[in-house]
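Counting in the numbering used here, the sequence shown runs from 13 upward without gaps.
Reading through the structure tokens given below for one structure.
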Amino acid sequence: MSEHAEPRQWRLAQVQLANWGTFDKQISIVNIARKGHLITGPSGSGKSSLLDAIACVLTPDKWLRFNLAAQGSTSRSDQRSLVSYVRGAWTRVTDDDQDRVVSKYLRPSSTWSGIVLRFHDGEGKTLSLARLFFLKGSSVSARDLGDICVLEETELDLIDLQKYAAGGLETKKLKADHPAAIVTSNGTHTKFYARLRRAFGIENESALQLLHRTQSAKSLDNLDRLFRDFMLPVPDTFEIADTAVQQFGDLRDAHAHVVELRKQRDLLLKLRTASEEYDTCWAKHVDLNTLNDLLSPFLKRRELAMLNEQQQHLRRTLAQKRAQLEENRAEEGRAESELDTATRVVRQSGGAEVEVLQATLDGARNDHSATENRRRRFEAQLQSVGIMRMPQTADEFAELHTEIAAETKSQEQSVGASYEDNDRLAKARRDVREIEAQIRTLRQSGSTVPDNLQRVRQAIATRIGIPAESMPFAAELIEVKPHFKEWTGAIERVLRPFALTMLVRSQYLPAVREWVDNNEIRGRLVYEEVADGIERPQPVLHRDSLINRIEIADSAVGAWVSWALSVRYNYVCVETPDDLGDHSRAVTIRGQMKTSATRYEKDDRRGINDRSHWVLGDRAGKLSALADRLKEAQEEFNAAQEVVDAATRQEQERNIRRGRLESILDGSWAEYDTVSSQKKVDSIEQRLRTLTSGDATLSRAVQAEQKAKAAYDAARSATEDTRHEVRMAERDLAVCEEKAGEIKARIAAGELEDVPEDTATRLEERLRREKRAIRLDNIHEVGQRVSTALQKEKDTARDAADRASHQVTQLTTEFKERWEAVASDLMPGVEDRAGFLRILDEILTNGLPTYETRFRKLLQERSQDLVGELLNEIMSAPNEIRDRVVPINSALARKPFDEARFLHLRVKTQRSAVVEDFMGQLRTIVDGSWDDQDMQTAESKYAVLAEIMRRFDSGEHVDKAWRNQCLDTRTHVKFLADEVDEHGTVRATYDSGAAMSGGQQQKLVVFCLAAALRYQLAQRDDDVPLYGTVILDEAFDKADTRYTRMALDIFVEFGFHLVLATPQKLLQTIEPYVGAVTEIDNPTRQLSTVANIDWSGHTAGDSDARS
């Protein structure tokens, strides 16, 4: 083991240090033997401090951990630090003032520290590495610690560098004095370590970490950890993922644009439907209005046609009646002549007295007939007032008079509807009208907010020139989730004050304030400013929070509503009243609220399930509830109306009865005494019979006269009837001609519009639907029914058009608010709807297809270029790692691991379920033919890719862990060590040192560590690495002599220069591998001293030390 066995290798030759830990008050120098070096001394003497000094120069701060041998593999925080070494922490004492344990320092005031490492390559070249520190005052903060790193290809001495640090770091002066040196300062040492690695031929920065961790080989007890963390470089998958995240921005923007266009399209498709509905309903309204306007001219023209037909009919009838009248007159003349002849015969036969009696008899008969008629009418009067028995005598009539007079006197007091009945009817009528108004408003506006508040909002919006929908009430944006519908009543009670708040954006607030202040609202209006800067909603801590049971509509102020609800109405929905006590704000399903730590409230002025008073979201539910309430109100109105009508009818009937009774009192018995009038007739007839019974001639003459008179009376009656008919026909014809003339005059004057033939046909059909037989006497009645139906249909169409107009306004307002730039020259409302629909046409024909094509193209490119590359990298990683292990196995084959046994490393692919799932997601993205994939498939692939990119770019701990697990291909394999014989037969397999003794485990790790170091420090074809010094601190505390020697042999076989530290153990075993020993002692615990000793045991002197 010659000192010059490996001439071309950088090995540590000397260490200089000052003011480092307990190396105090002097510059200590340790000369390192090129063959190998042993540092020994009792525990606590400063061995680890010396090794940590070397480490703090060779190792970047991000990996630097001190006193590794003492810490082992634990994860506790380091107690030693750069500051503690610079200050010279040597013990810990109790601080009574601060009541804690603190460090005690050798250098409590401003101080400096310095370390110099000299390396020789065996061919006469020297490389010096130095690190200087300065800490001002009494600070113990790492932020106040300044440092300088120096690399120079010459021999540097700490005593010469002291002047650049003792009074404060002088970086510029140091650079000026050493222009060939690499000088870095204040923790920024990337250039220093890059130059160091280049000088030593170290390719990967992780090799410096492995060298540092080698200082305590006993902590590297896991093959997987050793090779994953120190042998293998960070895989390219991380860089590929970072690149993918960066380049995903274009794809995300393309997809976002497609999504925005789709949102615009979906909203505008709704607008098109609403616009078509508006056009249809408005056209129907206009058509019905035209029909209704032309109905009157149509009816007049229809009436004129019927009058013309009636005139023709009346003229024919009048001609017939006039002819009939002439015939009747002639017949009357003949009958009159016959009567005169018969009368003369009676007189000639001595019948003068008979003629007088006959005349008297005719009068008596007429009187009797009149009396009978009066009696029948009187009897009907009595029956109409409930008196069914007609008086038969004057006494009974008088008694009836007495009874009627008494009854009429008793009915002088009114018995009509009472004040309470009329008041009940008036209230019921008001309720019906109010509910009908609410239903009408709800149907027209689509809002559940009370009509009076909507009128106020509309007035404000009209005054300041914005759509009313720009100032929504909170109720219009909040809806109870269907799953929690049974809680709606309780939630309504909690949120009602907020729900009826009008939300005003900041730019409208001044105008709204001015209007509200200058106008009489006649009610209560609450409005609130919605600022542009919206805070994030506060977290909902309880799963039964009211906030979790409602949905907020997506709108311009939806985010603000979510924030306001989370701050003000985070009520917990509890099942029992007792549960209210567990929360500061809560509500039961029956509506009892707890609004603070001590205040409770329940308001049952309206039923909790009375949906007609609900204002949150559910328009259909409220409409149904209002319809039910209207039905109830109408039933109450009908009942109240029936009571009032019944009382009114009773009063009318009483008045009618009283009037009839009073009219009865006006008559006398003689007016109704048919018995007496009949007796008078009978008496005259008897006298006439007596007079004519004795003279046969006279009797025959009288009978002939009576017959002639009857014939004359009949003829005269027929003539009068016909004359009346003629007069009626003449009157009807005159009336008909007058009406026809009036209509013709109005037509001539242009007062009656022309009715198109098709319109006349449609109106005629409507008339026939109302009544098939249309006559002059019913045409206007039927026309009125048609007009009523047209008006109702017209109102229905207008209401539908108004609702569609309202929806158009809502949709255009929403579009304008969400995409102001797209619709900058358009105004919300039905007037500019064509402009919005042109935007839709452009989206459907050009915009959306173009951007969907661009999105699919970008998705294809990113999937193939990035995702495909990432998947290939992950899949090929195990084979690449196996390739890297091949030279290590070649090295391990040079030296037996045990008697006739060699180590052979084997790489086993072992991916977790998470990684397999991740790879499956990547395959989902890249698999398949892009030519055959539709937009839905592309969207599906994008969704998977977007979620992957989100997690790649996330700062959340769980996503970072997932990212490392998926991308770190070093963890996708497991390292096994097979113990094979000289024939290659596997005799044992070691799985990360499991089921082994401590010594075996250390031996296995040292073997693999040496192989890993060779892999990191040497090129594949090099026999030995260019850099050779390896520091081992208490590396063989668990191994026996045989195992220790075997481990050291493999390091030497690999061409490494060993610097060993051990607390005076295994010295004889280590002797062949080192050329000198340095003993460190610290009997006072405050000052470490160095003694360099040759291996023969003679002291070389009490430390090569200089002050």
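Don't be surprised by glycine CBs; every beta carbon is placed ideally from N, CA and C.
Query - Own chain partners of K203 with C-beta closer than 6 Å, once the 5 adjacent residues on each side are dropped - result: T196
Query raised in the report: Tell me which same chain residues have a C-beta within less than 6 Å of the C-beta of R778, skipping the five on either side of it?
Result: V798
Query raised in the report: Secondary structure at S349, three-state DSSP: helix, strand or coil?
Result: helix
Report task. Within 10 angstroms of the Cβ of Y612, are there 16 or more other Cβ atoms? Answer buried if so, exposed if not. Result -> exposed
Requested in this report: Please list, in chain order, all residues of the same chain as T329 whose beta carbon is under 7 Å from its beta carbon, the five residues on each side excluded.
Outcome: A741
Query - Other residues of its chain near D1026: CB distance less than 6 Å, five sequence neighbours each side excluded - result: First, the residue type needs correcting, since residue 1026 is Arg and not Asp in the sequence shown. Cβ neighbours of R1026 beyond the five flanking positions: A903 and F1066.
Query raised in the report: For the alpha helix (DSSP H) that contains E526, what are its first and last residues?
Result: L521 to N530
Query raised in the report: Within this structure, are the beta carbons of E1046 and T1090 separated by less than 7 Å?
Result: no
Query raised in the report: At what residues does the alpha helix (DSSP H) containing F930 begin and finish?
Result: A925 to V938
Report task. Just grab the DSSP bridge partners of C161 for me. Result -> R143 and T196
Report task. Buried or exposed for T588, please, with buried defined as at least 16 other CB atoms from any protein chain shown within 10 angstroms of its CB. Result -> exposed
Query raised in the report: Can you name, in chain order, every residue of its own chain whose Cβ lies under 7 Å from the Cβ of T983, other than the five neighbours on each side?
Result: R240 and Q977
Query raised in the report: Using 8 Å as the Cβ pair cut-off and three pairs as the minimum, do the stretch 368 to 377 and the stretch 647 to 667 touch?
Result: no
Query raised in the report: Helix or strand or just coil, what does DSSP make of R728?
Result: helix
Requested in this report: Determine the direct distance from the alpha carbon of F649 to that of T513, and round the result to whole angstroms.
Outcome: 33 Å
Query raised in the report: What residue does the alpha helix (DSSP H) around M947 start on, and which one ends it?
Result: M947 to D965
Report task. In angstroms with no decimal places, state the Cα-to-Cα distance between Y431 and A639. Result -> 29 Å
Requested in this report: Quick one: residues in its chain with C-beta nearer than 6 Å to the C-beta of K493, no 5 flanking neighbours on either side, listed in chain order?
Outcome: R561 and E563
**Report entry** Selection from L838, A480, M1058 and R810 that minimises the alpha carbon distance to R913
**Finding:** M1058
**Report entry** Expected contact under 8 Å - CB spacing of A480 and A473 to nearest Å
**Finding:** 4 Å
**Report entry** Every unbroken alpha helix (DSSP H) within the stretch 361 to 439, with a cutoff of 4 residues, ordered by chain
**Finding:** 364 to 396 and 406 to 422
Query raised in the report: In or out: N31 buried (at least 16 other Cβ within 10 Å) or exposed?
Result: buried
Query raised in the report: Secondary structure at L330, three-state DSSP: helix, strand or coil?
Result: helix
**Report entry** Burial state of V3 (16 or more Cβ within 10 Å)
**Finding:** Nothing can be reported for residue 3, as the shown portion of the chain is limited to 13 through 1119.
**Report entry** Through-space distance from I937 to L882, alpha-carbon basis
**Finding:** 12 Å
Query raised in the report: Can the beta-carbon of Q393 be found less than 7 Å from the beta-carbon of I676?
Result: yes
Query raised in the report: Using a Cβ-Cβ cut-off of 7 Å (strictly less than) and excluding sequence neighbours within five positions of W22, which residues of its own chain qualify?
Result: F131, D133, L139, F212, L1038, Y1039 and G1040
Query raised in the report: Within the chosen definition, does the stretch 318 to 326 reach the stretch 823 to 836 through at least 3 CB pairs nearer than 8 Å?
Result: no
Query raised in the report: Do you know whose CA, among N234, Q819 and G859, lies nearest V1120's CA?
Result: One cannot answer for residue 1120 here, as it falls past the ends of the chain, which runs 13 to 1119.
Report task. Kindly list the residues whose CB is nearer than 7 Å to the CB of K920, restricted to its own chain and excluding five residues on each side of it in sequence; keep chain order. Result -> V985, K986 and L988
Query raised in the report: Based on the DSSP output, what are the partners of A1000 in its beta bridges?
Result: E991
Query - Limits of the beta strand (DSSP E) - the one that F35 falls within - result: F35 to N43
Requested in this report: Please determine if the stretch 527 to 537 and the stretch 593 to 601 are in contact, where contact requires at least 3 C-beta pairs separated by less than 8 Å.
Outcome: no
Requested in this report: Please name the residue or residues paired with F485 in a DSSP beta bridge.
Outcome: M514
Query raised in the report: So does the stretch 858 to 875 actually touch the stretch 990 to 997, counting three or more Cβ pairs closer than 8 Å?
Result: no
Query raised in the report: With 16 other CB atoms within 10 Å as the buried threshold, where does A429 fall?
Result: buried
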